[in-house]
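10 is the number of the first residue of the sequence shown in the working numbering; add one for each residue after it.
Heads up, the beta-carbon is just placed ideally off N, CA and C, and yes, glycines get one too.
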Amino acid sequence: MKKIIVIASVLISITVACKSKKAATSTASTDSSMDAQLTAVNTRFPNTTMEELKKGHSIYTGACTKCHGTKDVTVYTEPRLLEIVDVMAVKAKLTAEEKQSLIKFAVGVRATSK
Ligand code: HEC
């Protein structure tokens with residue numbers, strides 16, 4: 010019985026450790042960082058709304074994680090990122106509108122990451 014408790018608690022701590030690691034490395038956004046992103050995106054794509062950015066975020070954490078985890082979009086130059094998104098949007102079967110929201114979100118994350 011004791012053994013089972015030890016094994017269970019080890020498993021739980023591993024699970025918790027993995028979860029917190031994931032949260033730390035993801036580019037998931039809080040509302041205040043999204044405000045900064047919206048400001049940054051609007052210098053590139055005027056009239057972008059918070060709603061669009063949130064849609065982009067949910068695509069990024071949803072449809073874009075079907076085959077792999079959330080990829081760090083800040084490690085690429087913007088032209089390279091747009092090339093990758095061209096390929097990935099097809100893989101994720103995004104509509105033109107969804108792709109545009111995702112691009113705006115990714116550009117916002119990149120612009121506010123430094
Ligand atoms: C149908 C499966 C699939 C979907 C859906 C998908 N990807 Fe990918 N993605 C891949 C594969 C396969 C690779 C290459 C292997 C890897 O890096 O994991 C990849 C690689 C990547 C890379 C690294 C590319 C590089 O050259 O460094 C990025 C960034 C990326 N995906 C972003 C996205 C984004 C953003 C979305 C949502 C629009 C998305 N992916 C949706 C399959 C997919």
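Within the chosen limit of 6 Å, the ligand HEC reaches the beta carbon of His77 through at least one heavy atom. The three-state reading of DSSP puts Cys76 in coil, since its state is none of H, G, I, E or B. For a cut-off of 8 Å, the C-beta gap from Leu91 to Val82 is around 11 Å, too long to register as a contact.
Sequence-distant Cβ neighbours of Ala45 in its own chain, meaning closer than 7 Å and more than five residues away, are Thr121.
For the ligand HEC, no non-hydrogen atom lies closer than 6 Å to the CB of Ala105.
Within the same chain, Cβ atoms closer than 6 Å to the Cβ of Glu107 are found at Ile68, the five residues on either side in sequence being excluded.
With 16 or more neighbouring CB atoms inside 10 Å of its own CB, Arg119 falls in the buried class.
A straight-line Cα-Cα distance of about 19 Å links Thr52 and Asp40. With a cutoff of 7 Å on beta-carbon distance, Leu111 and Gly78 are scored as not near each other. By the neighbour-count criterion, in which 16 or more other beta carbons inside 10 Å mark a residue as buried, Cys73 falls on the buried side.
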